[in-house]
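Just so you know, we're using UniProt numbering here: the sequence shown kicks off at 1 and counts up by one. All C-beta atoms in this analysis are idealised placements derived from N, C-alpha and C, irrespective of residue type, glycine included.
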Amino acid sequence: MNNYFTIDLGKTYYIAEISILNLDGKLVFHKYFNSISKEEIQLSIPTGIYLAKIKLDH
């Protein structure tokens with residue numbers, strides 16, 4: 001199943017790392033970004049609840 005979601009950071013960050021995990025803690029998506037403010041992500045994962053872990057430059 002294809003699922004889309006958007007992460008909007010509200011401003012531009014020059015370095016970012018986004019990880020998506022399921023509720024069992026399994027990593028289902030991970031990517032480093034250069035210069036990101038908003039990103040649409042498409043994943044082929046089952047419908048459910050997922051956690052987004054976002055690390056940003058300061």
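Residue i - DSSP class collapsed to helix/strand/coil
i: T47; result: coil
i: G25; result: coil
i: D57; result: coil
Residue i, buried or exposed, once every other Cβ within 10 Å from all chains shown has been counted against 16
i: I15; result: exposed
i: I18; result: buried
Same chain, Cβ closer than 7 Å to residue i, five either side skipped, listed in chain order
i: E40; result: Y4 and T6
Contact set for residue i: own chain, Cβ-Cβ below 6 Å, skip 5 residues either direction
i: F33; result: A16
i: L56; result: Y13 and A16
i: I54; result: I18
i: L9; result: S37
8 Å contact criterion, which residue i and residue j should meet: CB distance rounded
i: I36; j: Y13; result: 6 Å
Nonlocal neighbours in the same chain, by C-beta distance under 8 Å from residue i, ignoring five residues either side
i: V28; result: I20, L21, N22, L43, I45 and Y50
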